[in-house]
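Residue numbers (the numbering used here): 1167 to 1216. No residue lacks a Cβ here, since even glycine has one placed at the ideal position from N, Cα and C. Inspection log for the structure reproduced underneath, given as structure tokens.
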């Protein structure tokens, strides 16, 4: 999840079964600061590159 806290961008990682579940969890955990949810596909080598 990409969050905004005190003017700074913060990244928080959670595990979810799909993008919708991640978005719902983000809203429950960080409703005031949630900016976006980014999905990383463990099976796609392109999505795990630094």
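Counting only the same chain and skipping the five closest in sequence on each side, list residues whose C-beta sits under 6 Å from that of residue i.
i            : result
residue 1204 : none
Can you find the residues in the same chain that come closer than 7 Å, C-beta to C-beta, to residue i, ignoring five residues on each side of it along the sequence?
i            : result
residue 1201 : 1168, 1169, 1170
residue 1180 : 1167, 1188, 1191
residue 1199 : 1169, 1170, 1171
To the nearest angstrom, how far is the alpha carbon of residue i from that of residue j?
i            : j            : result
residue 1183 : residue 1176 : 22 Å
residue 1206 : residue 1186 : 13 Å
residue 1196 : residue 1174 : 14 Å
residue 1208 : residue 1178 : 17 Å
Keeping to the same chain, check which residues put their C-beta closer than 8 Å to that of residue i; ignore five residues upstream and five downstream.
i            : result
residue 1193 : 1200
Query raised in the report: Which runs of the alpha helix (DSSP H), 4 residues or longer, sit entirely within the stretch 1176 to 1211?
Result: For the alpha helix (DSSP H) assignment, the uninterrupted runs of no fewer than 4 residues enclosed by the stretch 1176 to 1211 are, from N- to C-terminal side, 1185 to 1196.
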